[in-house]
Each structure stands twice: as structure tokens, then as C-alpha cells.
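**Q** Here it is: the structure, laid out below.
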Amino acid sequence: MLSNLFLLPNSILLCVLLQNVGHVRCDSPPYTDDPKFETGEYGAYPMQRFHSSKVVAPRPNLLSTHPSCDDGSLTMLNPRGNAVPEEARGPVILDSQGNAVWSVTGYDQTYNLQAQEYRGKQYLTFWSGNDAIGGHGNGQYIMLDSSYKEVARIKAANGLEADLHEFRLTDAGTALITVYDVQHADLTKLGGKSDGYIWDSVFQEIDIETGKLVFQWRASDHFDVTDSYRQRGNQGGRRGDPWDFFHINSVDKDPSGNYLISARYTSTVTYINGKTGKIIWVLGGRKNNFADLSDGRATDFRYQHDARWHNNYTTISIFNNGAQAPNNAENAQFSRAMKIDIDTSNSTAMTTKLDTQYINTLQISSSSQGNMQILPNGNTLVGYGYNAAFTEFASNGVALCETHFGATSRFHTGDVQSYRVMKFNWTGIPNTDPDIALVDGSLYVSWNGATEVRKWVLETGNKRVSRNDEEIKWLVASKTKKNGFETEIKIPNSGREFVRIVGVDGSGKSLGSTRVVQLRKSSPSTGISVDYAWEEAASSTALRFLGFCVAMLCFGITFSWVVDLIRQWRSIGRYEHYSKVPMEDV
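When you line the sequence shown up against mature numbering (1 follows the signal peptide of the UniProt record, and there is no 0), it's residues -26 to -1, 1 to 560, in that order.
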């Protein structure tokens, strides 16, 4: 009996291992308006694996599409959450059809993947670090060049830790970053201690080349703890449990050298003097300086993210989470992106009005995270942060393209999320070679991050011996259009010994080639040709058959164990009245 108890887990484990031998899917297109995706029948976070690469990529569901969304740019996100396995967490780039372009793992938790310009060159930037610190994080900002080589790690100044919310490069060669820092605060107005503790929100401007601090601003110098809408609860009584009263989540800068910041827990967008740090004006929240000409709809945003300047600095865009809106019940029901016009020409009578709202057809409510990006073609991209969705809208607020990278049934659970989702033009030229795999008589090729490959050219050849060395004379066997992340290419019956695959761009220029794969080899002594491709396919089939046989054996062992367990349970049941007799009475 006991031996069978130990046998069961081992047998089941063996079955699981064997069932996964050779279980690798090649490139599959994204789902198209598939209801099974949304109900979670494919899992909370549908993924796909590849023959030629270790990349584990999302397989999203394209609920709606429109030609204007295919503008040549690439979508950038950082999937994470309870349902996203470690091997799939990291920065991800998708093309306009939802196919994987690039992904990387090996970093800590990552946020905020973007393509940004520094000194005339494009870089991929993202945050990496520990995000399990009360809604923010401690880490560093990473910069990768067009070959995906890490060229810089940017740290916060003054011995502080860089937060995950913002990393924005400026034309002056600096970076705008957010920081969270524990500080003493008087919390008696909120029923706390006079020597309580807060998470203070800080933003810094850092010189990228030198790492030196250019400017720093601290929220507690300008806002009171009573300006917060967030309940303190029992927080703030000790240094190890500070209360976050402000929660900065974005920083922007204008040509005048002044800063625009968003704070979640005060529900404010604040304009700050870039020399003195003094507040110029506040939009929204308890310290609002604007008369709202839209019956309160321009200023009643709550717990918003991602405040940005537009239209010659007369319009602000935000992602309004809509959480805990006190005055507007409609605003609290779901999240939306907003364009807000402001008029500051009269500093004593500033006004604001709602310009455009961007509302998802499902009226998604995201309690945290999210972003709004106005694209060069006039469309607006909205990422829903805590929920695995992004929508592209026309300039007038009409939804055009809707994509989910996690099941709708798992929204609001934290299973799948991405802090922001953004689109950028990006040219990736990896310093690696394309990857190739020979499986079941077919070749599979991919090149992680290579954005310029348009076709794959299959070349075949035989070795020829010269006086100095051996070389292969290559002949073009076929040309195949690149299809998604990984492309399958059938092996022609050319009788040649070697193959390789070359990636070419739209003009036919060679960008790189795979390693050489040997298909067959003639024995010098017998002249018999051994077909490696056939052997590989046969061995793969044999391996799967062996796995099936052993799996059936495992089933038999398990079934025998269950039958034995039932028999012994019935045997015990016949004498169970003995177990009811107290030991002292025996």
C-alpha cells in the first residue's frame, strides 16, 4: 500500500514528462474574434512556442481590425501577472497582425517598453527591478541599441532607487524618472502619529552620459497629506509600513523647461516651474485651479495615469482609470482615455473643457495602470494596464482595432497585465544569426528581433575540396515570404548534402544566414547516401510512439494502484467499528 502511494506521483510525473517530449508548436497566427479565447478555454494567457527558438510569445485575439491601424509601427508591451509564466515574462514586440517580432527574458520584472531617441539614434528602453513594493518598484532603466545590445543602465541620483513608472528621454540628453522615498510626515490630521511615515513621490532629471542630477522635485514640499483621496488605514505608523499619499506615475517636460506630472492618489495633473520647483497650476483634485466648462467632466478624473502635452501645449491627454470618483457616478463605472483642453491665458481665470473621450466598447474598468498615446497618423492607442487589452481609436473617439492578449474572463484578477502598451517605429538588426531547426522533414527558421527580413532564401549545396580548404558551393533552391515569427520551409528533393537559410530585406539584400544543416552524407567507402532528414523524422516519430507506449504503461500502473486502494479501503471498512473503541477501554 505505502509503496503504491510513492509510486503514483512518480508515474504521473513520468507520464507528464513523456507527453511533453517533442510538444512544440510552430508559428500560429493570432486568434481572430475567437469567443473561446475570451472565455479562457485556451488559458488565461494563450501562448505559443517555436521549433527554432526558445522564445515564448503571446498569441493574442484580434477582436476587430482596420487598415489605418497597420501604419508600419510595432506594438510594445510587458506581459506579466499570475498567469504569465516566468519564461514568458519580459519585453515583447508585436507586429500589426499580432505576430511576435522580439522578446527577451533574463531580466527581473520589466515595465514600460518603448523606443526612444537619444543623440540621434533609437534605443529600446524599459525598467527592470523589484516591483513588489507597494505599487511601485526599486530598479534600473535599461537601454538597448538596434542590435539589442545593452548599452546603458540608468540609476536614480542621491542614493535613491529608480521607480518603474517613468523613464522619458529628452532632447537635451537627459532622462525624466520617478522615485519613491520614505520620509517622516505629520499624520495627526488623519488620525495618525505626528512622527508618521509616508512614501514620498519624487521625480528627477538625470544626465544620461554622466549620471548627474539636473533637477529634483519632492511632492511633500508642495502637497499636504490631506490632499490625498486614498484612505490611510493603518499605514504610516512605522518606517517599514509607510503610507503612499501621492503616487506619481508620469513626468513630461515642455520647451519652457517646466514639468507636467500625474499623481494617482491626489487625482491631479500638476504644472511645475523647472527652475524653482514651485507649482504653477493644478488640474483636478482638491487643489484644482480651473473652471470646468464641461460640467465637471474635464476635472473629475480619478486615479489617472500618463499625463502628456499636445497641440502646442494647450491640450493634455490622460488615461482616466475612473477609480473612486466621488462626484460623477458614470466616471467611476469604467476607464477611459481623455483629451482635455486648457486655457491659461488669464492666470486668475483659467478654464478647461473636455475635448474627446476614448471609451472601449466593453467599457473596461482598470483599477490600476494604463496609458494613452496619440499616434503620428492621428489615431489614439489606449492600453488598459491591469487588464490584458489595448484599443486603437480614430481621432474622434471611434474604436477601430481591439486586441486582447489575455482572456476577458480573467480581467480584474491580475492574471495578465501590462503597465503600458505603446506603438513605435523600430528597426532591429540583431548581432546574432537566424535560428534554424529540422523537424519531421521540414526546416523552421526565425530571427528574434530582425524587423527588416521580408523573405527567406533556402540554399543547398555540396562540399568541394580545394587545395587550401573545404567550401560549399551554394545554389538557391527556393524563396519563401516571411510568415510571422517562424516560417516553415519544405526541403526540396535536390539530393544535395547541406542546406542553410538566408534572410533578405525588401530589396533582396542579404541580412544574415543560419548555421549549415547537413541533410545527407555519402560514405566514402560504400558510396551509400545516408539521409539525415529522413532519419530525424523517423526518430521523431519513433520517439512519439515510444512516449505513447510508456504513457499507456503509466495509465495501467495508475489504474492498478486505484483498484488496489479501493479494495483495501473496503477491507478497512468491514472492521471500522474497532477503531471507534477508545484505547483505554481495549
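Note that beta-carbon positions come from the ideal geometry of N, C-alpha and C, so glycine has one too.
Output the boundary residues of the alpha helix (DSSP H) element that contains residue 561.
**A** Nothing about residue 561 can be read from this structure; the chain reaches only from -26 to 560.
**Q** Would you decide whether A146 is buried or exposed? Buried here means 16 or more other CB atoms lie within 10 Å of its CB.
**A** Under this definition A146 is an exposed residue.
**Q** Sorted by chain position, which residues of the same chain lie with C-beta nearer than 8 Å to G248's C-beta, five sequence neighbours on each side aside?
**A** Only F189, K227, S230, G231, N232, Y233 meet the Cβ criterion.
**Q** Throw me the rounded Cβ distance for the S383 and G14 pair, which I believe falls under 8 Å.
**A** With 8 Å as the limit, S383 and G14 qualify as a contact, their Cβ atoms being about 4 Å apart.
**Q** Return the Cβ separation of L98 and A89 in integer angstroms, given the expectation that the two are a contact with Cβ distance under 8 Å.
**A** At roughly 6 Å, the Cβ-Cβ gap stays under 8 Å, so L98 and A89 are in contact.
**Q** So, with DSSP's three-state summary, where would you put P404?
**A** Of the three classes helix, strand and coil, the one that applies to P404 here is coil, per DSSP.
**Q** Does the Cβ-Cβ distance between G259 and D181 come in under 8 Å?
**A** Against a cut-off of 8 Å, the Cβ pair of D181 and G259 comes out as no contact.
**Q** Kindly indicate if chain B contains any beta-carbon less than 8 Å away from that of N104.
**A** Structure shown: chain B not included; a single protein chain is present.
**Q** Quick check: D315 and T289, are their CB atoms within less than 8 Å of each other?
**A** Yes, the pair counts as a contact, with Cβ atoms nearer than the cut-off.
**Q** With a cut-off of 8 Å, do at least 3 Cβ pairs link the region 387 to 400 to the region 446 to 453?
**A** Too few Cβ pairs lie closer than 8 Å, so no.
**Q** Under a Cβ-count criterion, where at least 16 other Cβ atoms within 10 Å of its own Cβ denotes burial, should V450 be classed as buried or exposed?
**A** So V450 counts as exposed.
**Q** Quick check on the burial criterion: 16 or more other C-beta atoms within 10 angstroms. Buried or exposed for K456?
**A** It counts as buried.
**Q** With a cut-off of 8 Å on the beta carbons, I'd call G469 and G477 a contact; round off their distance for me.
**A** About 25 Å; that fails the 8 Å criterion.
**Q** Thinking C-beta only, is V176 closer than 8 Å to L134?
**A** Result yes, Cβ atoms of L134 and V176 sit closer than 8 Å.
**Q** If you compare alpha carbons, which of S321, L349, Q343 is closest to Y360?
**A** If we check each option's Cα against that of Y360, Q343 comes out closest.
**Q** Keeping to the same chain, check which residues put their C-beta closer than 8 Å to that of Y552; ignore five residues upstream and five downstream.
**A** The predicted model places Y552 with a pLDDT of 27, which falls under 50 and marks its position as unreliable, so this point remains unresolved.
**Q** Thinking C-alpha only, which one of N73, H139, R206, V75 is nearest F100?
**A** With distances taken between Cα atoms, F100 lies closest to H139.
**Q** Let's see if you can read the secondary structure: which residues bound the beta strand (DSSP E) around D195?
**A** No beta strand (DSSP E) holds D195; DSSP gives it neither H nor E.
**Q** Under the rule that 16 or more other beta-carbon atoms within 10 Å means buried, what is S27, buried or exposed?
**A** Counting Cβ neighbours within 10 Å, S27 comes out buried, since at least 16 surround it.
**Q** Classify D201 as helix, strand or coil using the three-state DSSP reduction.
**A** DSSP places D201 in helix when its eight states are reduced to three.
**Q** In terms of alpha-carbon separation, which member of F472, S452, I463, A411 lies closest to R438?
**A** Minimum Cα distance to R438 is reached at F472.
**Q** Mark N294 as exposed unless 16 or more other C-beta atoms lie within 10 angstroms of its C-beta, in which case mark it buried.
**A** Its Cβ being crowded by 16 or more others within 10 Å, N294 is buried.
**Q** Tell me whether the beta-carbon of G296 lies closer than 8 Å to the beta-carbon of R310.
**A** Yes, they are a contact pair.
**Q** Which of helix, strand or coil does DSSP assign to L164?
**A** DSSP places L164 in helix when its eight states are reduced to three.
**Q** What are the start and end residues of the beta strand (DSSP E) that includes S38?
**A** Segment 35 to 38, the beta strand (DSSP E) holding S38.
**Q** What three-state label does DSSP hand R394 in the structure shown?
**A** Looking at R394 - three-state DSSP - the assignment turns out to be coil, as it is neither helix nor strand.
**Q** Counting pairs of beta carbons, one from the region 206 to 225 and one from the region 261 to 270, are three or more of them closer than 8 Å?
**A** The answer is no - the region 261 to 270 does not touch the region 206 to 225, with fewer than three Cβ pairs under 8 Å.
**Q** For the 8 Å Cβ check, are there 3 or more pairs between the region 401 to 410 and the region 30 to 43?
**A** These segments do not touch.
**Q** Report the rounded CA-to-CA distance for K123 versus M117, giving the unit in angstroms.
**A** In a straight line, the C-alpha of K123 is about 8 Å away from that of M117.
**Q** Quick one: grab the DSSP three-state call for R213.
**A** Here R213 sits in coil by DSSP.
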